[in-house]
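Peer 1: Okay, so the sequence shown: first residue is 10 according to this note's numbering, each after it adds one. The beta carbon of each residue, even a glycine, is placed where N, CA and C say it ideally should be.
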Amino acid sequence: MILNTGARTDIAQYYSEWLFKRFEEGFVYTRNPLFPNKVTKYELSPDKIDLVLFCSKNYKPILPRLREITDKYRTYFHYTITAYGSEIEPYVPSIDNSIQTLINLANMVGKQRLTWRYDPILLTEKYTIDMHAKTFDYIASRVAPYINNCVFSFVEMYKKLEKNMPEIIPFTENDKAIIAQILGDIAKKYNISIQTCGTNGDFSKYGIKSSGCATLELLGKANGCEFKDIKHKGMREGCHCIESRDIGAYDTCLNGCKYCYANQNPQKAWEINKLHNPNSPLLLGEIMDTDIIIQGNQKSFLKPSIEQITFFDEI
10 MILNTGARTD
20 IAQYYSEWLF
30 KRFEEGFVYT
40 RNPLFPNKVT
50 KYELSPDKID
60 LVLFCSKNYK
70 PILPRLREIT
80 DKYRTYFHYT
90 ITAYGSEIEP
100 YVPSIDNSIQ
110 TLINLANMVG
120 KQRLTWRYDP
130 ILLTEKYTID
140 MHAKTFDYIA
150 SRVAPYINNC
160 VFSFVEMYKK
170 LEKNMPEIIP
180 FTENDKAIIA
190 QILGDIAKKY
200 NISIQTCGTN
210 GDFSKYGIKS
220 SGCATLELLG
230 KANGCEFKDI
240 KHKGMREGCH
250 CIESRDIGAY
260 DTCLNGCKYC
270 YANQNPQKAW
280 EINKLHNPNS
290 PLLLGEIMDT
300 DIIIQGNQKS
310 FLKPSIEQIT
320 FFDEI
């Protein structure tokens, strides 16, 4: 099973104490967002978890204890650094601070297990195509020695986004093509492999690979192990990643990003956060008498081979 810690909220930044507690106790509960009385239990012993997948805008809070996880589990890290300031990402560190944390993370886990995410790309009167070009070039020039891959996506206009960010200028297909060409050229200049995320468009003529930022091929190569050759169902339309089990909760990320799809609005997250207990098996709240707890399906994607060489065999 692939354990996902970053799709619904930024656990690495805001809930790392809780995450380490879950690994210490060896299990975690996650509440079904559609049927709140249904709770799934996942075992967290290394033999039950193929890989722990992270995605965060700030790994600084988790770095002091990160080896407690990386020494026992296969891991992969997505680090999101965008062009936006505090008017769009209120509680995200500055670009330069984020770059330094990325460098520190890369020195701990290795560049093969780290991808820089420049997403989502959106346009406003301030964040123009030209500004994206300059910012992307600046970040790429700094992080190139510490990563192999970059992932980007174009913002999706959810209904709540139209309310939270009315200043967004909708993309034209020509806009997307221009941006793709610019990013492809910059990535090539710095020898960075670049691909889309959750995007159906074909930008291969600009040197950009199709979506699939968490495939078994990528994760296996990064960790020196071999996964089964199976079809990737993806997590949403345009996604070609391997399925994973997310242990976060919606409306709990405190970054306050105006474009966020996982929060209804930034204010709600701060209110809900009051229900967080670092000692609870759930990220949010406690187990109730009316809850129905089931054991999650934890099928392994690893090839069953005793001769398989893993990252941990080489330590």
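Could you tell me which uninterrupted beta strand (DSSP E) segments, each at least 3 residues in length, are contained entirely in the region 128–197, listed from first to last along the chain?
Peer 2: Those beta strand (DSSP E) runs which fall completely within the region 128–197 and span 3+ residues are 158–163.
Peer 1: To the nearest angstrom, how far is it from the Cα of H285 to the Cα of V160?
Peer 2: Taking the sequence shown and counting its residues from 1, one reaches residue 285 at position 276. Taking the sequence shown and counting its residues from 1, one reaches residue 160 at position 151. Each residue's Cα considered, the two are about 31 Å apart.
Peer 1: Where does K57 sit, in a helix, a strand or coil, going by DSSP?
Peer 2: By one-based count along the sequence shown, residue 57 stands at place 48. Residue state, collapsed to three classes: coil.
Peer 1: Need the endpoints of the beta strand (DSSP E) that Y215 sits in, please.
Peer 2: Indexing the sequence shown from 1 puts residue 215 at position 206. Per DSSP, Y215 belongs to no beta strand (DSSP E) and is neither H nor E.
Peer 1: Using a 10 Å radius around the Cβ and a threshold of 16 neighbouring Cβ atoms, would you call Q304 buried or exposed?
Peer 2: Position 295 of the sequence shown holds residue 304. The residue in question, Q304, is exposed, as its Cβ has fewer than 16 Cβ neighbours within 10 Å.
Peer 1: So within the region 36–121, which uninterrupted alpha helix (DSSP H) runs reach at least 4 residues, ignoring any that extend past its ends?
Peer 2: You should have 76–79 and 104–118.
Peer 1: Using the beta-carbon count (16 or more within 10 Å), is M10 buried or exposed?
Peer 2: If you number the sequence shown from 1, residue 10 lands on position 1. Buried: at least 16 other Cβ atoms inside 10 Å.
Peer 1: May I ask you to list the residues that DSSP assigns as paired with F236?
Peer 2: Position 227 of the sequence shown, counted from the first residue, corresponds to residue 236. Bridge partners of F236: L311.
Peer 1: Would D59 and F236 be called neighbours here (beta carbons separated by less than 9 Å)?
Peer 2: By one-based count along the sequence shown, residue 59 stands at place 50. By one-based count along the sequence shown, residue 236 stands at place 227. Their beta carbons are under 9 Å apart, which means D59 touches F236 by this criterion.
Peer 1: Among N106, A16 and G229, which residue has its Cα nearest to the Cα of L311?
Peer 2: Along the sequence shown, one-based indexing puts residue 311 at 302. L311 has its Cα closest to that of G229, out of N106, A16 and G229.
Peer 1: With the cut-off set at 9 Å, would you say N13 and L43 are in Cβ contact?
Peer 2: On the sequence shown, residue 13 is found 4 positions in, with the first residue counted as 1. On the sequence shown, residue 43 is found 34 positions in, with the first residue counted as 1. No, they are not a contact pair.
Peer 1: Can you tell which of K214, H87, S202 and Y93 has the C-alpha that lies nearest to the C-alpha of Q22?
Peer 2: The residue given as residue 22 occupies position 13 in the sequence shown. Ranking K214, H87, S202 and Y93 by Cα distance to Q22 puts H87 first.
Peer 1: Are the region 167–180 and the region 109–119 touching, with three or more C-beta to C-beta distances below 8 Å?
Peer 2: With a cut-off of 8 Å, the region 109–119 and the region 167–180 do not count as touching, because too few Cβ pairs lie within range.
Peer 1: Does I20 come out as helix, strand or coil in the three-state DSSP assignment?
Peer 2: Here residue 20 corresponds to residue number 11 of the sequence shown, with the count starting at 1. Looking at I20 - three-state DSSP - the assignment turns out to be helix.
Peer 1: Here's the rule: buried if 16 or more other CB atoms are within 10 angstroms of the residue's CB, otherwise exposed. What is D80?
Peer 2: For the purposes of this step, residue 80 is taken as the residue at position 71 of the sequence shown. Classification of D80: exposed, given that the 10 Å Cβ count is below 16.
Peer 1: Using CA atoms only, rank isn't needed, just tell me which of E34, L111 and I130 is closest to K267.
Peer 2: Taking the first residue of the sequence shown as position 1, residue 267 is located at position 258. Nearest of E34, L111 and I130 to K267, Cα basis: I130.
Peer 1: If the criterion is Cβ atoms closer than 9 Å, does the pair A16 and D238 meet it?
Peer 2: Translated into positions along the sequence shown, residue 16 becomes position 7. Translated into positions along the sequence shown, residue 238 becomes position 229. The answer is no: Cβ separation not under 9 Å.
Peer 1: Less than 9 Å separating the beta-carbons of N67 and P99?
Peer 2: In the sequence shown, the residue the question calls residue 67 occupies position 58. In the sequence shown, the residue the question calls residue 99 occupies position 90. For N67 and P99, no; Cβs fall outside 9 Å.
Peer 1: Among the residues of its own chain, which have a CB less than 8 Å from the CB of R74, if the five just before and after it don't count?
Peer 2: Residue 74 sits at position 65 when you count from the first residue of the sequence shown. Cβ within range, chain order: S25 and F29.
Peer 1: Under three-state DSSP, which class holds S202?
Peer 2: Here residue 202 refers to the residue found at position 193 when the sequence shown is read from its first residue. Correct three-state label for S202: strand.
Peer 1: Report the rounded CA-to-CA distance for N306 versus T224, giving the unit in angstroms.
Peer 2: Translated into positions along the sequence shown, residue 306 becomes position 297. Translated into positions along the sequence shown, residue 224 becomes position 215. So the two alpha carbons sit approximately 20 Å from each other.
Peer 1: For a quick check, are the C-beta atoms of L227 and Y127 less than 9 Å apart?
Peer 2: Within the sequence shown, residue 227 is the residue found at index 218, counting from 1. Within the sequence shown, residue 127 is the residue found at index 118, counting from 1. No.
Peer 1: List the endpoints of the continuous beta strand (DSSP E) containing I303.
Peer 2: Numbered from its first residue, the sequence shown carries residue 303 at position 294. Run containing I303: I301 to Q304, per the beta strand (DSSP E) assignment.
Peer 1: Counting C-beta neighbours from all protein chains within 10 Å, is the total for Y85 16 or more, i.e. buried, or is it exposed?
Peer 2: Residue numbering aside, residue 85 sits at position 76 when the sequence shown is read from its first letter. Result: buried.
Peer 1: Looking at L123 and L114, is the spacing between their C-beta atoms short of 9 Å?
Peer 2: Start at 1 with the first residue of the sequence shown, and residue 114 comes out as number 105. Start at 1 with the first residue of the sequence shown, and residue 123 comes out as number 114. Closer than 9 Å, so yes.
Peer 1: Less than 7 Å between C-beta atoms, sequence neighbours within five positions excluded: which residues of the same chain meet that for R151?
Peer 2: Position 142 of the sequence shown, counted from the first residue, corresponds to residue 151. Excluding positions up to five away in sequence, the list reads I108.
Peer 1: Considering only residues of the same chain and omitting the five flanking positions on each side of E316, which have a CB-CB separation below 7 Å?
Peer 2: The residue labelled residue 316 in the question sits at position 307 within the sequence shown. In this prediction, E316 scores a pLDDT of 41, lower than 50, which makes its location untrustworthy; no coordinate-derived value is stated.
Peer 1: If you reduce the DSSP assignment to three classes, tell me which class N13 lands in.
Peer 2: Taking the sequence shown and counting its residues from 1, the one referred to as residue 13 is at position 4. It is a strand residue.
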